[in-house]
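Take 1 as the starting number for the sequence shown in UniProt numbering and just add one per residue.
Ideal Cβ placement from N, Cα and C applies to all residues, glycine included.
Beneath this line is the structure, given in structure tokens, with notes to follow.
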Amino acid sequence: MASPTVGLPVGTPFGSPHALSPSIMVIGSLNADLVTYTPRIPAAGETMTANGFRTGLGGKGANQAVACAKIGRRRGDATPADLKGAVPVYMVGAVGDDVYGQTMTSSLTAAGVDVSGIAVRAGQSTGVAVIIVDEAAGGENRIMLSAEANGSLTPDEYAMSLPTPGGGLPSLLLLQLEIPLPTVLQILETAHRQGVAVLLNAAPAQMLPDSYYKCITHLVVNETEASFLSGTALDLSGDDSQRDKELSRVAGHFLALGVQHVVITLGAAGVFHATSSDSGHIPAVKTKVLDTTAAGDTFIGAYALALVQGQTVAEAVQWANRAAAVAVGRRGAQESIPWLDEL
Ligand code: ATP
Numbered sequence: 001m002a003s004p005t006v007g008l009p010v011g012t013p014f015g016s017p018h019a020l021s022p023s024i025m026v027i028g029s030l031n032a033d034l035v036t037y038t039p040r041i042p043a044a045g046e047t048m049t050a051n052g053f054r055t056g057l058g059g060k061g062a063n064q065a066v067a068c069a070k071i072g073r074r075r076g077d078a079t080p081a082d083l084k085g086a087v088p089v090y091m092v093g094a095v096g097d098d099v100y101g102q103t104m105t106s107s108l109t110a111a112g113v114d115v116s117g118i119a120v121r122a123g124q125s126t127g128v129a130v131i132i133v134d135e136a137a138g139g140e141n142r143i144m145l146s147a148e149a150n151g152s153l154t155p156d157e158y159a160m161s162l163p164t165p166g167g168g169l170p171s172l173l174l175l176q177l178e179i180p181l182p183t184v185l186q187i188l189e190t191a192h193r194q195g196v197a198v199l200l201n202a203a204p205a206q207m208l209p210d211s212y213y214k215c216i217t218h219l220v221v222n223e224t225e226a227s228f229l230s231g232t233a234l235d236l237s238g239d240d241s242q243r244d245k246e247l248s249r250v251a252g253h254f255l256a257l258g259v260q261h262v263v264i265t266l267g268a269a270g271v272f273h274a275t276s277s278d279s280g281h282i283p284a285v286k287t288k289v290l291d292t293t294a295a296g297d298t299f300i301g302a303y304a305l306a307l308v309q310g311q312t313v314a315e316a317v318q319w320a321n322r323a324a325a326v327a328v329g330r331r332g333a334q335e336s337i338p339w340l341d342e343l
């Protein structure tokens, strides 16, 4: 296995000649999570009483923006002096003109995210995830996503240029696949043309045309997504060296298509990272697990932040493993993401 210290100075691949100082922009989904805890899954036509219900804030886009912001600030930081040096985080997306949209924007603002790029769509609903948690089955969940306002982001809006809510282009753009795929593809193309580095979290997994992979600086996927997108089975049942060989093979598929850095997250087993010249496995932080919701989003926020702050990819992965380990020790999505002073 190659050294896990990948050692690439991450400032170099970052492309935007226009970004004067580090900044992160997320273009993606914002959802209200409606979670019902049940003793079992109701049968067709059956009405049953649930054990409990809660609403939460989610959506991979919003979660990752919150992760970038919280992990870059101490809780309660508010004055210009407190925030000196904090990386600005801009969220771009759409919510409906309903109570979920209002709650979402005020919660993102409280976390330190600039919400001026969030459109409020009149007459539409905010995106919703209806989640049933089967408590008898160890908390196994079933999720129905309704895109609602998230579905209103059109490719045309991004054809000429990326949005610039902070007045300039970001040093890193984060994308996921919870907004319409044609819109994501247009954004990838525009970012590539404008020289903006992109981190794509290809989740939930959908096939991407091969020609778009060259627009991706950092591809971050879990093992299931890596297998789906590469169109090959991933057998991780062997020993460490067989596992790394297998991950290297799948990462090689994306590198050959033009991705610069491939990061495959493996839950409690850590992370595999590869570039065309180096690769390695970095273990997760051992911790007590309460709820893994938003572990991936926390990892991505911390990884992105560390990169724009000039850390190497290996350092960024280690930092992100630490942040995600804190998140899995707490319940919930955005509320489980740690502030800087909790790391
Ligand atoms: P999710 O969809 O649940 O948010 P994911 O499938 O996208 O997550 P994972 O690979 O499960 O992503 O986890 C992302 C990262 O979170 C891991 O690389 C690791 O750093 C951390 N993590 C996840 N599970 C654990 C665990 N049990 N113990 C320690 N760290 C964990």
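With a threshold of 7 Å, establish whether the CB of residue 295 neighbours any heavy atom of the ligand ATP. Residue mapping note: residue 295 aligns to position 295 of the sequence shown, counting from 1. For the ligand ATP, at least one heavy atom lies less than 7 Å from the Cβ of residue 295.
Suppose contacts are defined by Cβ-Cβ distances below 8 Å. Is residue 172 in contact with residue 200 by that definition? Residue 172 sits at position 172 when you count from the first residue of the sequence shown. Residue 200 sits at position 200 when you count from the first residue of the sequence shown. No. Outside cutoff.
Within 8 Å, do at least three Cβ pairs link the stretch 240-248 to the stretch 282-290? no
Check residue 54 in the structure and name its three-state DSSP category. Indexing the sequence shown from 1 puts residue 54 at position 54. In the structure shown, residue 54 sits in a strand (DSSP, three-state: E or B).
Opposing strand residues paired with residue 299 [DSSP bridges]: What you label residue 299 is simply residue 299 of the sequence shown in a count that begins at 1. None; residue 299 has no bridge partner.
Which residues mark the beginning and the end of the beta strand (DSSP E) in which residue 32 is found? Translated into the one-based positions of the sequence shown, residue 32 becomes position 32. Per DSSP, residue 32 belongs to the beta strand (DSSP E) from 31-38.
CA-CA distance, residue 260 and residue 145? Indexing the sequence shown from 1 puts residue 260 at position 260. Indexing the sequence shown from 1 puts residue 145 at position 145. Using only the alpha carbons, I get a separation of about 31 Å.
Where does the unbroken alpha helix (DSSP H) through residue 364 begin, and where does it stop? For the chain, the structure presents residues 1 to 343; residue 364 sits outside this window and is missing.
Nearest CA to the CA of residue 332: which residue from 24, 35, 30 and 28? Walking along the sequence shown from the start, residue 332 turns up at place 332. Comparing Cα positions, the closest option is 35.
How many whole angstroms separate the CB atoms of residue 337 and residue 327, which I take to be in contact at a CB cut-off of 8 Å? The residue given as residue 337 occupies position 337 in the sequence shown. The residue given as residue 327 occupies position 327 in the sequence shown. Indeed they touch by this definition, with Cβ atoms about 6 Å apart.
Under three-state DSSP, which class holds residue 243? On the sequence shown, residue 243 is found 243 positions in, with the first residue counted as 1. It is helical.
For the alpha helix (DSSP H) containing residue 90, list its first residue and its last residue. Here residue 90 refers to the residue found at position 90 when the sequence shown is read from its first residue. Taken as a continuous stretch (DSSP letters only), residue 90 belongs to no alpha helix (DSSP H), being part of the beta strand (DSSP E) at 89-96.
For residue 6, count the other beta carbons within 10 Å of its own beta carbon; 16 or more makes it buried, fewer makes it exposed. Which is it? Position 6 of the sequence shown, counting from 1, holds the residue named residue 6. In this predicted model, residue 6 has a pLDDT of only 33, less than 50, meaning its place in the structure is not dependable enough to derive any value.
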